[in-house]
Amino acid sequence: MNKPKKVAILTAGGLAPCLNSAIGSLIERYNEIDPSIEIICYRSGYKGLLLGDYYQVTQAVRDNAGLLQKFGGSVIGNSRVKLTNVKDCVKRGLVQEGQDPQKVATDQLVKDGVDVLHTIGGDDTNTAAADLAAFLAKNNYGLTVIGLPKTVDNDVFPIKQSLGAWTAAEQGARYFLNVVAENNSNPRMLIVHEVMGRSCGWLTAATALEYRKLLDRSEWLPDLGLSRDTYEVHGIFVPEMDVDLAAEAARLRAVMDKVDCVNIFVSEGAGVEAIVAEMQSKGQEVPRDAFGHIKLDAVNPGKWFGEQFAQMIGAEKTLVQKSGYFARAAAANAEDIRLIKSCADLAVECAMRREPGVIGHDEDNGNVLRAIEFPRIKGGKPFDIDAPWFEKALGEIGQAKGKKVTTAH
649 MNKPKKVAIL
659 TAGGLAPCLN
669 SAIGSLIERY
679 NEIDPSIEII
689 CYRSGYKGLL
699 LGDYYQVTQA
709 VRDNAGLLQK
719 FGGSVIGNSR
729 VKLTNVKDCV
739 KRGLVQEGQD
749 PQKVATDQLV
759 KDGVDVLHTI
769 GGDDTNTAAA
779 DLAAFLAKNN
789 YGLTVIGLPK
799 TVDNDVFPIK
809 QSLGAWTAAE
819 QGARYFLNVV
829 AENNSNPRML
839 IVHEVMGRSC
849 GWLTAATALE
859 YRKLLDRSEW
869 LPDLGLSRDT
879 YEVHGIFVPE
889 MDVDLAAEAA
899 RLRAVMDKVD
909 CVNIFVSEGA
919 GVEAIVAEMQ
929 SKGQEVPRDA
939 FGHIKLDAVN
949 PGKWFGEQFA
959 QMIGAEKTLV
969 QKSGYFARAA
979 AANAEDIRLI
989 KSCADLAVEC
999 AMRREPGVIG
1009 HDEDNGNVLR
1019 AIEFPRIKGG
1029 KPFDIDAPWF
1039 EKALGEIGQA
1049 KGKKVTTAH
């Protein structure tokens, strides 16, 4: 095929600290390779694609695309729209009754003259991109879809490292470094740090690791109460690891008795099955989004863990704090920017030869950076609780590793 004359970019799903960086990196690379290639950016993800609503990438944008590296979020906007969920698309006024959203999206791409579509998103976004790519191939449309993997959970098969996840862990650690000082405000304080991660505990574990690195670099004055023991992570709870509540409560009670506070890190997806079962037993409705996922803000796992432990460990006050929005809307750090730029460069190379797929280090092929075939992309990659760095962290804080649990995605 010939090189593309016009390319489109969209971001979708929840935020991650890579979206603006990825947009900027793609624009910069196209400008370096061939400034004559036209670029548009659909507003609010697949919603903008269905409606034909987009930004034109002007010369001023090309000249200043590097500014996007300094900001979090997505300047072109996101939305949670699933093209195969016809009922939801109709309900939201994105298509008419009887229309196929995939065909509407495809026809809009043709109408807009797009040769290559770059999707930047997590497993849902790239699953939607895979569905769209399959639809294009089946119906002989000469369009190429190339995805970039965004998710703070780092949970996409078979991609080694998702864009933005490193930054989210670093930012969550910074967030908790301020929150933890609240243990000075009340005796026998239980602080629950709820970290994003629906069915994957990678971000919770990685945030705890980054936070403990901050503690390693700190100086302490225990003679006046400034002790690492009170700042330490005392428990890490992830969806992939079974929790013996009674045993953990006994251990954490001893910590409370010794240092007058307890700090635990909890994945937002940890304990969800137990919470949902409890809600359903009471006849309560469990809210779900367009993708069928349980709305975790309605389930509130951090609050549940706090309530479970508070009485058992004799906490006088419980504070639940969520770092998710702080962490996921940050600008990408240097480590992520290097990863993003390498992926964006390859994405543009693939676009020039019209090679579809999701760009990432392929765990099934020696971790080589390549365009991974869409049918192989899926979400729900679990965190490996047998990872040596995680086992080391548990050992250092005195927490026994629970049995491995299979998580539902």
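In terms of this note's numbering, the sequence shown is residues 649 to 1057.
Don't be surprised by glycine CBs; every beta carbon is placed ideally from N, CA and C.
- Within the same chain, Asn834 and Met837 come within 6 Å of Lys965 by CB-CB distance, once the 5 residues on both sides are set aside.
- By the C-beta density criterion, Thr1054 is exposed, having fewer than 16 other C-beta atoms within 10 angstroms.
- The continuous alpha helix (DSSP H) containing Ser990 extends over residues Ala982 to Met1000.
- Selection Phe957, Lys1029, Lys1052 and Trp1037 evaluated against Lys808 yields Lys1029 as nearest (Cα-Cα).
- Of Leu851, Ile961, Leu857 and Arg876, the smallest CA-CA separation from Ala897 is found for Ile961.
- Check the Cα spacing between Ala785 and each of Asn802, Lys730, Arg1002 and Val743: the tightest is with Arg1002.
- Taken through DSSP and simplified to helix, strand or coil, Ala778 comes out as helix.
- Secondary structure note for Ile961: its alpha helix (DSSP H) is the uninterrupted segment Pro949 to Ile961.
- Note that the C-beta distance between Asp772 and Gly661 is below 8 Å.
- Under the criterion of beta carbons closer than 8 Å, Arg846 and Asp801 qualify as touching, at roughly 7 Å.
- Going by DSSP, Arg976 is part of the alpha helix (DSSP H) stretching over Gly972 to Arg976.
- If you check the CB distance, Gly720 and Pro665 come in under 8 Å.
- With a beta-carbon spacing of about 6 Å, Ala753 and Leu780 fall inside the 8 Å limit used to define contacts.
- The segment 709-723 and the segment 975-982 touch, with three or more beta-carbon pairs separated by less than 8 Å.
- Straight through space, the alpha carbons of Pro1036 and Asp755 are spaced by roughly 49 Å.
- For Asp1034, the closest C-alpha among the options His1009, Ile1025 and Gly1050 is that of Gly1050.
- Here DSSP, grouped into helix, strand and coil, assigns Asn911 to strand.
- Residue environment analysis places Tyr973 among the exposed positions, since fewer than 16 neighbouring C-beta atoms fall within 10 angstroms of its C-beta.
- Check the Cα spacing between Gly790 and each of Gly761, Asn726, Ser722 and Glu842: the tightest is with Gly761.
- The three-state secondary structure of Asp1010, taken from DSSP, is strand.
- Shown here, Pro749 sits in a helix according to DSSP, grouped into three states.
- Judged by DSSP in its simplified three-state form, Tyr789 adopts coil rather than helix or strand.
- As summarised for the segment 851-914, the continuous alpha helix (DSSP H) elements at least 4 residues long and confined to that stretch are 876-879 and 893-907, given in chain order.
- Around the beta carbon of Asp864, fewer than 16 other beta carbons lie within 10 angstroms, which makes this residue exposed.
- CA-CA distance, Phe783 to Arg1018, rounds to 23 Å.
- Thr799 and Gly769 have their C-alpha atoms roughly 7 Å apart.
- Going by DSSP, Lys654 is part of the beta strand (DSSP E) stretching over Lys654 to Thr659.
- Pro683 and Ala999 do not touch by the CB rule: their CB atoms are close to 14 Å apart, not below 8 Å.
- Rounded to the nearest angstrom, the gap between the Cα atoms of Lys989 and Val907 is 45 Å.
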